[in-house]
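Position 101 (the sequence shown) corresponds to 101 in UniProt numbering; numbering is contiguous.
Here's the structure we're looking at; comments come further down.
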Amino acid sequence: PCLDLLPATLALAGAELQFAGRFGRELLLRSAPAPLPRQYDYILIDSPPSLGLFTVNALTAADTVLVPLQAHVFALGAMSQLEDTIVMIRQLNPTLTIGGIVITMVDRRTSVNALIESEARERYGDLVFQSTIPFSTKITEAPAAGVPVTEYAAESAGAKAYRALAEEVRQRWQAR
Numbered sequence: 001p002c003l004d005l006l007p008a009t010l011a012l013a014g015a016e017l018q019f020a021g022r023f024g025r026e027l028l029l030r031s032a033p034a035p036l037p038r039q040y041d042y043i044l045i046d047s048p049p050s051l052g053l054f055t056v057n058a059l060t061a062a063d064t065v066l067v068p069l070q071a072h073v074f075a076l077g078a079m080s081q082l083e084d085t086i087v088m089i090r091q092l093n094p095t096l097t098i099g100g101i102v103i104t105m106v107d108r109r110t111s112v113n114a115l116i117e118s119e120a121r122e123r124y125g126d127l128v129f130q131s132t133i134p135f136s137t138k139i140t141e142a143p144a145a146g147v148p149v150t151e152y153a154a155e156s157a158g159a160k161a162y163r164a165l166a167e168e169v170r171q172r173w174q175a176r
């Protein structure tokens with residue numbers, strides 16, 4: 001399959017301030033990719049882990065949200081804030097849904113991670129993907145090398161987990 005990637009650069013660091021006073025700033029990204037959907041089956045927007053202007057733009061432009069949920073008690077607590085934000089964003093984008101939740105940074109050596117995963121599955125049911133992403137040094141080293149973990153350490157547990165997740169996402173979203 002073909003993949004085009006538009007990575008963020010340092011030039012984006014000041015862009016949020018630049019757009020802060022602009023009318024319709026929440027809809028900038030939504031109006032930008034109008035001709036793109038015909039060229040792509042999927043457009044993935046990786047937004048920062050905050051609820052700033054870039055994330056709000058991504059949510060107003062999206063059909064579906066794929067939520068990475070760290071296997072950490074504070075991250076699980078923050079899910080309610082994300083859900084509240086999605087409710088507010090639906091005023092601008094009524095069709096926005098949560099398409100899935102992937103539990104990340106899982107360390108099977110700690111019982112807390114198992115509790116977080118269990119709580120997430122109980123609370124969100126089938127929204128939680130079966131695939132989880134392990135905590136892995138290879139995953140943290142790959143961006144420093146400028147390549148995805150699937151290239152940096154193709155046979156690592158992290159790379160295998162991301163491939164399994166990609167297949168699970170593909171199957172779930174094709175079934176829609």
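Idealized CB from N, CA, C, for every residue including glycine.
| query | result |
| --- | --- |
| Which runs of the beta strand (DSSP E) at least 3 residues long sit entirely within the segment 74-140? Give them in chain order. | 97-104 |
| When DSSP builds the beta bridges, which residues end up paired with residue 64? | 97 |
| Identify the residues that DSSP records as bridge partners of residue 70: which are they? | 104 |
| Quick one: using the 10 Å Cβ neighbour count with 16 as the cut-off for buried, is residue 67 buried or exposed? | buried |
| Residue 113 and residue 71 look like a contact to me (Cβ under 8 Å); what is the Cβ gap, rounded to whole Å? | 4 Å |
| Report the rounded CA-to-CA distance for residue 143 versus residue 151, giving the unit in angstroms. | 11 Å |
| Give the C-beta separation of residue 86 and residue 73 to the nearest angstrom, bearing in mind that I take them to be a contact with Cβ-Cβ under 8 Å. | Rounded, the Cβ-Cβ distance is 21 Å, inconsistent with contact. |
| Compute the beta-carbon to beta-carbon distance between residue 258 and residue 102, rounded to the nearest angstrom, for a pair I have assumed lies under 8 Å. | The structure shown does not extend to residue 258, since the chain spans only 1 to 176, so no value can be given for it. |
| I need the straight-line Cα distance from residue 153 to residue 128, nearest angstrom please. | 26 Å |
| Between 138, 16, 168 and 122, which has its C-alpha nearest residue 56's C-alpha? | 16 |
| Can you check whether the CB of residue 164 is closer than 7 Å to the CB of residue 133? | no |
| Do you know how far the Cα of residue 110 is from the Cα of residue 39? | 44 Å |
| Nearest-angstrom Cα distance between residue 89 and residue 60? | 6 Å |
| Which of the three DSSP states is assigned to residue 40 in this structure? | coil |
| What are the start and end residues of the alpha helix (DSSP H) that includes residue 169? | 157-174 |
| If we ignore side chains and look at the alpha-carbon of each, how far apart do residue 177 and residue 42 end up? | This structure cannot speak to residue 177, because the chain is shown only from 1 to 176. |
| DSSP three-state call for residue 148: helix, strand or coil? | coil |
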